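Report on the structure given below.
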Amino acid sequence: GAVVSQHPSRVICKSGTSVKIECRSLDFQATTMFWYRQFPKKSLMLMATSNEGSKATYEQGVEKDKFLINHASLTLSTLTVTSAHPEDSSFYICSARDVGGQGGDTQYFGPGTRLTVL
Amino acid sequence: AQKITQTQPGMFVQEKEAVTLDCTYDTSDQSYGLFWYKQPSSGEMIFLIYQGSYDEQNATEGRYSLNFQKARKSANLVISASQLGDSAMYFCAMREDSGGYNKLIFGAGTRLAVHP
Chain A
3 GAVVSQHPSR
13 VICKSGTSVK
23 IECRSLDFQA
33 TTMFWYRQFP
43 KKSLMLMATS
53 NEGSKATYEQ
63 GVEKDKFLIN
73 HASLTLSTLT
83 VTSAHPEDSS
93 FYICSARDVG
103 GQGGDTQYFG
113 PGTRLTVL
Chain B
3 AQKITQTQPG
13 MFVQEKEAVT
23 LDCTYDTSDQ
33 SYGLFWYKQP
43 SSGEMIFLIY
53 QGSYDEQNAT
63 EGRYSLNFQK
73 ARKSANLVIS
83 ASQLGDSAMY
93 FCAMREDSGG
103 YNKLIFGAGT
113 RLAVHP
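Going line by line, the protein sequences match chains A and B.
Positions 3 to 120 (the numbering used here) are the ones given, in order, by the first sequence.
Positions 3 to 118 (the numbering used here) are the ones given, in order, by the second sequence.
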């Protein structure tokens, strides 16, 4: 099956620093990747859609300058949380769209990154 | 209105028994896809099963089957012969094919606990 990796799995940083999270599709090319945020015991909240070679599409209420997304290749998207603050602490999870997957179009998820901002 | 509704915040099932997790959806699209994902305590989202809106047969994947009732707009997940390792959060999701990029819309999730 399709495999998506995410790095780092956990990160603890000081308030005001920036944190970069990588999402890679390991065995398929993904022109589209998605970034989600999940609060404890809640469902996934889509933050943005990342398209290879073009600007990301952000959901309403998500700050573009706060959460920078770069989809530089068909297998890599990065999310940078700039000037992180404690309220940015959360579980961030990416997915990659496999148009050749089961059902013709399936999102496969990375293992997630737990961000803690002190 | 919510597009994906999972009315069961939590479910309990005895090991080896079957359990049904409910999911109803709302869309005006003719073409859409329905997905179930499992999220264990580790956090990763594991793809379980997919049902396309034009698929006439219910999807099955091993112990998982999707009870698709199009007229009622329901896509319930049935897990047969439950195992202790099935204890996790389960999310139902829908992809509307009319929109760009085929975003997934998730339900609130159901926490399943399998008892020995």
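Ideal Cβ placement from N, Cα and C applies to all residues, glycine included.
Computed from a prediction, not measured in an experiment: that's the story for all the values here.
Partners in chain D for residue i, counting only beta-carbon separations shorter than 8 Å
i	result
residue 39(A)	Absent from the structure is chain D; the protein chains it does hold are A and B.
Cβ separation of residue i and residue j, assumed to be a contact under 8 Å, to the nearest whole Å
i	j	result
residue 106(B)	residue 25(B)	Actually they do not touch by this definition, with Cβ atoms about 13 Å apart.
residue 11(A)	residue 113(A)	6 Å
residue 98(A)	residue 32(A)	4 Å
residue 7(A)	residue 26(A)	5 Å
residue 61(B)	residue 48(B)	Their Cβ separation, rounded to whole angstroms, is 16 Å, which puts residue 61(B) and residue 48(B) out of contact at 8 Å.
residue 68(B)	residue 116(B)	Residue 68(B) to residue 116(B), Cβ: 19 Å. No contact.
residue 174(B)	residue 84(B)	Nothing in the structure corresponds to residue 174(B), since chain B is present only between 3 and 118.
Contact list for residue i against chain B, beta-carbon separation under 9 Å
i	result
residue 77(A)	Near residue 77(A) there are no residues of chain B at all, since even the closest Cβ is about 18 Å away, more than 9 Å.
residue 31(A)	By Cβ distance, chain B contributes nothing, its closest Cβ being about 16 Å from residue 31(A), past 9 Å.
Pairwise C-alpha distance: residue j and residue i
i	j	result
residue 97(B)	residue 53(B)	10 Å
residue 119(B)	residue 45(A)	The structure shown does not extend to residue 119(B), since chain B spans only 3 to 118, so no value can be given for it.
residue 77(A)	residue 30(A)	7 Å
residue 101(A)	residue 36(A)	14 Å
residue 40(A)	residue 109(B)	13 Å
residue 41(B)	residue 90(A)	22 Å
residue 71(A)	residue 64(B)	37 Å
residue 74(B)	residue 90(B)	27 Å
residue 64(A)	residue 114(B)	31 Å
residue 57(A)	residue 68(A)	15 Å
residue 30(B)	residue 72(B)	12 Å
residue 19(B)	residue 21(A)	45 Å
residue 5(B)	residue 99(B)	14 Å
residue 81(A)	residue 44(B)	21 Å
residue 55(A)	residue 74(A)	6 Å
residue 43(A)	residue 46(B)	14 Å
Neighbour list for residue i in chain A, Cβ cutoff strictly below 8 Å
i	result
residue 110(B)	44 and 45
residue 105(B)	36, 48 and 51
Cβ-based neighbour list, residue i, same chain, cut-off 6 Å, excluding 5 preceding and 5 following
i	result
residue 116(A)	12 and 93
residue 109(A)	97 and 99
residue 55(B)	33 and 34
residue 18(A)	85
residue 118(A)	14 and 91
residue 24(A)	9 and 80
Closer than 7 Å at the beta carbon, the chain B residues around residue i
i	result
residue 109(A)	106
residue 55(A)	Here the premise fails: no neighbours, minimum Cβ distance about 14 Å.
residue 114(A)	45 and 46
Same chain only: Cβ atoms within 7 Å of residue i, ignoring 5 sequence neighbours per side
i	result
residue 16(A)	120
residue 61(A)	48, 49 and 50
residue 10(B)	23, 24 and 112
residue 159(B)	Residue 159(B) lies beyond the residue range present for chain B, which begins at 3 and ends at 118; the question has no answer from this structure.
residue 88(B)	81, 114 and 116
Contact list for residue i against chain B, beta-carbon separation under 8 Å
i	result
residue 10(A)	What residue 10(A) touches in chain B: nothing, since even the nearest Cβ is about 13 Å away.
Residues near residue i in its chain [Cβ-Cβ closer than 8 Å; skip 5 each side]
i	result
residue 38(A)	46, 47, 48, 49, 94, 95, 96 and 97
residue 5(A)	27, 28, 29 and 110
What residues in the region 31-52 of chain B bring their beta carbon closer than 8 Å to a beta carbon of chain A?
For the region 31-52 of chain B, which is checked against every Cβ of chain A, the residues closer than 8 Å are 35, 37, 39, 44, 45, 46, 47, 48, 49 and 52.
According to a CB-to-CB cut-off of less than 9 Å, which residues of the region 87-102 of chain B neighbour chain A?
Residues passing the 9 Å Cβ filter: 91, 93, 95, 97, 99 and 102.
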